[in-house]
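Structure first, then comments.
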DNA sequence: GTTCTAGAAC
DNA sequence: GTTCTAGAAC
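In the numbering used here, the protein residues as written are 125 to 870.
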């Protein structure tokens, strides 16, 4: 056994500016028992900031000399640190030490370190830290690390310092992940907006990721300016003078906390599209007031509350003014300043339904309201959402009953969340309407219609529950109904039992969301909405009448007369024909073509075609296995396009390298790497279970941002994406690894 | 599905 | 200036 070999460690530090990387190195090296060299990008250029390649060169030299090294640079994203991981692989332990300290602390330290005075510097430091954190990808062992230490606070850091100081030349630290790993927490949109407000010149193009746990709420000691972001996060920056405090437009001195659920069914909603989607506030406020007025004119005793987190919010004041102009009953519609996830506990306002400004994926993350709601509701909301819908297109909404285990349900009394997707005017987000406000306003109107109709549908089904509750409770709060638009109260809701009964007679007007839907769906709004927005549930339109262009007939001709295309086809069987895709999008890309007449595409497939699907799958599998036997590094996926361009049902058998000159645009990529691509295994299961396949043929899927199919990183254009995927060896997402969706060499 | 190309983005 | 996208024609 080899006992006397000296070990060399390469420790890659990761952390934002101000996270304490250099201090960490200094602390270790002060008492270290083995020779360390610190490679610091900030000082590598003769005491000044240097380049990555200088760092790589010095690190390689130090390792060659048998010294252990600290790579002291931010290294926050995987690509940044990849070359350092690869460096000098022989007999070197590769470790990561992640200084994942609160952004507040990093910002504060950065500000102090620069020694500059004044709020602009503070803002700049915040911008830099946030820009860094935007790119943060926590390291994984699969990147090539043998050991990762996560530090979230000073105690963790001290522990890591001790561990590394104590290492003598013969020691080896155990491998694995140590310390607690936070979820990737990124930038807070509100922070960047705020920075713009204080005129920080170099602000960051925010990507809408959330920075959930960055800053504690009440910490305002160091600086005298606090900003309350949409996630109830307080960022401390500079000395701008004003202290923004929590507050609301709503009844001063109201005893709202005493309100019971049965007082008035209430929907609280954020302004849709005016934050990250950059929709014009003036135009948005017109739409809000218009749709609110329209909805209230048909509704019974319900309440709508427009919520914004910030005091002096422009959208709230615009809406207030316009609602007052239109004499909208302020008992039924008012604005409220507060956190939509804490309306009851912090604001005393009971809302049984809240709306979420969702993203199209209906996933947590993003900034602002979406992140806040998913975070406050806990993981059960994500699960419940998934049951209702897989994605959402602009102008639509989906109603999600909140499980009773959700904290939002338990402490806030929220029974439903309605996810709404509004129009996007932000060029950095999918489906940007590029200032087309005629379309934008139309979609925004649809979004509010969908939202309110969703709310109405909930109220319809909840009426009996509410009635029962109200009979037990006599609590009232006329205080809550104070006029918010400067008028006198007109209605004190003396008897909510009656009111609620009246509510049950609420009827929706012609549901725009239902247009083009079969009649049997039109009667049930919630159901129809779910189905319309929810390709997961079922395809509404039979879609068999699609007109195929002449150019789209090629596969059909081959399927019908394969013998006339001997040069193109690889194999002809009774049911299927196998051919190379004429424009392969990967090294290996075959099509298994159904020969049966009448199944142009997946939408035509029914249970009677199940055997055919199984044959196609088996043939595809066989071909993929053949490729795999020749090249074990390949990985295959078998599946269908939800809405193919070429007529005649065909199964794609495609290797996952996507290394092809024919892969040229977003549509090409997204058609194989979003839910638009339906795995053959899932299609067979669905056809077996439901008699047809789920189709995700929303165009928005094809114009999605470009994301790596392995590590899910986003890339600005096709060339950059291709360059990334040629190197990315991250494991595939878990969903792809399940259920044999991916085919790997045995 | 591709090709072509105007014009946006860099 | 070059690169890249996206829409129209096929």
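Virtual Cβ for every residue (Gly too), placed ideally from N, Cα, C.
Secondary structure note for residue 823: its alpha helix (DSSP H) is the uninterrupted segment 823-826.
By the Cβ test, the segment 275-295 is in contact with the segment 213-224, since at least three Cβ pairs between them sit closer than 8 Å. Per DSSP, the unbroken beta strand (DSSP E) holding residue 802 starts and ends at 801-803. The criterion of a C-beta distance shorter than 8 Å is satisfied by residue 777 and residue 748. Between residue 540 and residue 477, the C-beta spacing is below 8 Å. For the pair residue 549 and residue 677, the CB atoms are not nearer than the 8 Å cut-off. Residue 301 carries a strand assignment under DSSP once its states are collapsed to helix, strand and coil. In the DSSP assignment, residue 704 falls within the beta strand (DSSP E) that extends over 700-704. Within the segment 715-801, the complete beta strand (DSSP E) runs of at least 3 residues fall at 759-765, 774-779. For residue 222, the enclosing beta strand (DSSP E) covers residues 216-223.
For residue 169, the secondary structure class from DSSP, reduced to helix, strand or coil, is strand. Unbroken beta strand (DSSP E) runs of no fewer than 3 residues, entirely contained in the segment 474-498, are found at 477-481, following chain order.
The shortest CA-to-CA distance from residue 388 to any of 418, 397, 427, 423 is the one to 427. Residue nearest to residue 713 within the set 468, 703, 721 is 703 (criterion: CA-CA distance).
The beta carbon of residue 707 is closer than 6 Å to those of 786 in its chain, skipping five residues each way along the sequence. Cβ-Cβ distances below 7 Å link residue 680 to 771, 772 in the same chain, with the five nearest sequence neighbours on each side left out; the list follows chain order. Contact annotation, residue 391 with residue 431: C-beta distance approximately 10 Å; criterion of less than 8 Å not satisfied. Taking a 10 Å sphere around the C-beta of residue 775, we find 16 or more other C-beta atoms and assign the residue as buried. Taking C-alpha positions only, residue 291 is separated from residue 297 by approximately 8 Å.
Distance between residue 289 and residue 833, taken at the CA atoms: about 40 Å. Residue 472 counts as buried, since at least 16 other C-beta atoms from the protein chains shown sit within 10 angstroms of its C-beta.
Taken in chain order, the unbroken stretches of beta strand (DSSP E) that lie wholly in the segment 169-211 and span 3 residues or more are 192-196. Counting only residues of its own chain and dropping the five nearest sequence neighbours on each side, residue 501 has a CB closer than 6 Å to the CB of 530, 532. In this structure, the CA atom of residue 576 is about 35 Å from the CA atom of residue 768. Within its own chain, the residues whose Cβ lies closer than 7 Å to the Cβ of residue 829, once the five positions on either side in sequence are excluded, are 554, 838, listed in chain order. When DSSP states are grouped into helix, strand and coil, residue 420 belongs to the helix group. Taking the C-beta atoms as reference points, residue 200 is found no nearer than 8 Å to residue 145. Residue 672 sits in coil when the DSSP states are folded into three classes, being neither helix nor strand. For residue 432, DSSP records a beta bridge to 461.
Taking C-alpha positions only, residue 465 is separated from residue 407 by approximately 26 Å. Burial is judged here by how many other beta carbons sit within 10 angstroms of a residue's own beta carbon; residue 753 has fewer than 16 and is exposed.
Assignment of beta-bridge partners to residue 697 by DSSP yields no partner. 8 Å or more divides the Cβ of residue 137 from the Cβ of residue 217. Annotated as distal: residue 405 and residue 450, with beta-carbon spacing of 8 Å or more. According to the DSSP secondary-structure assignment, residue 525 is paired through a beta bridge with 540.
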